[in-house]
Amino acid sequence: MLSKNHRSFECETTSVRFQSHNFVVDTSLMFTMLCLSVSSVALLLGLMSSGSDALNQAECEVCVSFLGRFYQSLKDRNVEFSSAAIERELVKKCKDAKGKENRLCYYLGATADAATKIINEVSKPLSSHVPVGKVCEKLKKKDTQICELKYDRQVDLNIADLKKLKVKDLKKILEEWGEVCKGCAEKSDFIRKINELMPKYTPNAAKMHTEL
Numbered sequence: 043m044l045s046k047n048h049r050s051f052e053c054e055t056t057s058v059r060f061q062s063h064n065f066v067v068d069t070s071l072m073f074t075m076l077c078l079s080v081s082s083v084a085l086l087l088g089l090m091s092s093g094s095d096a097l098n099q100a101e102c103e104v105c106v107s108f109l110g111r112f113y114q115s116l117k118d119r120n121v122e123f124s125s126a127a128i129e130r131e132l133v134k135k136c137k138d139a140k141g142k143e144n145r146l147c148y149y150l151g152a153t154a155d156a157a158t159k160i161i162n163e164v165s166k167p168l169s170s171h172v173p174v175g176k177v178c179e180k181l182k183k184k185d186t187q188i189c190e191l192k193y194d195r196q197v198d199l200n201i202a203d204l205k206k207l208k209v210k211d212l213k214k215i216l217e218e219w220g221e222v223c224k225g226c227a228e229k230s231d232f233i234r235k236i237n238e239l240m241p242k243y244t245p246n247a248a249k250m251h252t253e254l
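Residue numbers (the numbering used here): 43 to 254.
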């Protein structure tokens, strides 16, 4: 049987106090710490869950790809991660964007002719290193057109027969290179222009076409 002076138990509504040889453990404190630990785990699991719900490239192709490369370029160049700095960099990046990526920039308000301006929906979360999938997910709620953007099918010039391609596909190749075919009217004109520029933009494909 335990001596009353040696050990004592005191029960209250919210805590249990245990005393032994001047060593006191207040279980209310232990319970509070346990609750905080459980809450922290729950919060972490919530963040992990929300991260897994982020859009991937297949769901929002152009947005995830473009912003992913943009974010990585900021890190590689040690750009200041402030909203203002990111906005400046994005506008600069969008000046060189072409095709569907230029259209994305337009939707974001990062081009001179943009009708709306939601560029802060990119700069603010990226300044806090929010995953681009989550950024695009939020942008989709602002404008569904953003995630409807898909890259055009790329022509593999290593195996493509230019003579079998349509004129619009030939024009697209030149657009991707940032080139135009001035004075071109016939299909043969576009093919000739592509063959002239192929060594500059796709040297391996140019070599293969020369060997054929």
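For each residue, glycine too, the CB sits at the ideal point set by N, CA and C.
Check                                                                                                           : Outcome
Closest Cα partner of K205 within the set K134, H251, V106 and K117                                             : H251
Assigned secondary structure, Y243 (DSSP; H/G/I helix, E/B strand, else coil)                                   : helix
Residue range of the unbroken alpha helix (DSSP H) whose run includes F112                                      : E103 to D118
Within the stretch 117–184, ranges of the alpha helix (DSSP H) (whole runs, at least 4 residues)                : 125–137, 141–150, 162–169 and 174–184
Simplified DSSP assignment, three categories, for I201                                                          : coil
Beta-carbon proximity of Y193 to K142, cut-off 7 Å                                                              : yes
Spatial neighbours of D255 in its chain, beta-carbon cut-off 8 Å, leaving aside the 5 residues before and after : Outside the displayed span of the chain (43 to 254) sits residue 255, for which this structure offers no information.
A227 burial status per 10 Å Cβ neighbour count (16 or more: buried)                                             : exposed
Where Q187 sits in the DSSP three-state scheme                                                                  : helix
Buried versus exposed call for I201 [16 or more other C-beta atoms within 10 Å across all chains shown]         : exposed
Residue burial classification, A152 (beta-carbon count within 10 angstroms, cutoff 16)                          : buried
Endpoints, the alpha helix (DSSP H) within which L207 is located                                                : Premise fails: L207 is in no alpha helix (DSSP H) and is neither H nor E.
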